[in-house]
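Enquirer: Per numbering that gives the first Met the number 0, the sequence shown starts with residue 0, numbered consecutively.
Cβ atoms here follow ideal geometry from the backbone N, Cα and C, with glycine treated the same way.
Please see the structure below; I have some questions.
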Amino acid sequence: MGNQVYFEDVQEGTEVSYTAKDPTTQQLVKYAGSVGGLYQIHYDLKLRKGQRAADVILTCALKGAWLGQVMTDWIGAEGMLKSLTTQYRGMDVPGTPMLGKGVVTKKYTENGENPGRLRTIWLEDHEGRRRLRRERRP
Numbered sequence: 000m001g002n003q004v005y006f007e008d009v010q011e012g013t014e015v016s017y018t019a020k021d022p023t024t025q026q027l028v029k030y031a032g033s034v035g036g037l038y039q040i041h042y043d044l045k046l047r048k049g050q051r052a053a054d055v056i057l058t059c060a061l062k063g064a065w066l067g068q069v070m071t072d073w074i075g076a077e078g079m080l081k082s083l084t085t086q087y088r089g090m091d092v093p094g095t096p097m098l099g100k101g102v103v104t105k106k107y108t109e110n111g112e113n114p115g116r117l118r119t120i121w122l123e124d125h126e127g128r129r130r131l132r133r134e135r136r137p
């Protein structure tokens, strides 16, 4: 976790520090077991080959959790994550390095409170393609 970020520290265009992830099939199995999401497309390669797919795919919820981590690491212990919405942009496979990034797109005060900031955050693959995006309002 980095330094604490305060409203006064952030301007439109401020970049969110990034988090790197290198997903593995073992990680997918652990995540699926912990949340009860045992859909085989995320861990059963034999099934996927029978579906004429090259590999198992990353769990969208896991990718979303990584973006949550990007934000909570960036806003620090005193920050509050109020809401998230997600747009999934493509399927990814284990072994594809992912980077969680973001930028402050709007900063404003709402009802006398400072936390009216809108940020766009995303996961991108090793080729720079955005694979998952969230609009986030702390």
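1) Would you grab the beta carbon distance between Asp-91 and Arg-130 for me? Rounded to a whole angstrom, and I think it's under 8 angstroms.
2) Which residues in the same chain as Leu-66 place their Cβ atom closer than 7 angstroms to its Cβ, once the five residues preceding and following it in sequence are excluded?
3) Do you know how far the Cα of Val-15 is from the Cα of Tyr-5?
4) Can you give the Cα-Cα distance for Gln-3 and Val-69, rounded to whole angstroms?
5) Under 8 angstroms, do Leu-61 and Tyr-17 count as touching if we go by C-beta distance?
Expert: This is what the structure holds:
1) About 6 angstroms separates the beta carbons of Asp-91 and Arg-130, which is inside the 8 angstroms limit, making them a contact pair.
2) Non-local beta-carbon contacts of Leu-66 in its own chain, meaning distances under 7 angstroms to residues more than five positions away in sequence, involve Gly-99, Ile-120, Leu-122, Leu-131, Arg-133 in chain order.
3) For Tyr-5 and Val-15, the distance between alpha carbons rounds to 13 angstroms.
4) It is roughly 14 angstroms from the alpha-carbon of Gln-3 to the alpha-carbon of Val-69.
5) If you check the CB distance, Leu-61 and Tyr-17 do not come in under 8 angstroms.
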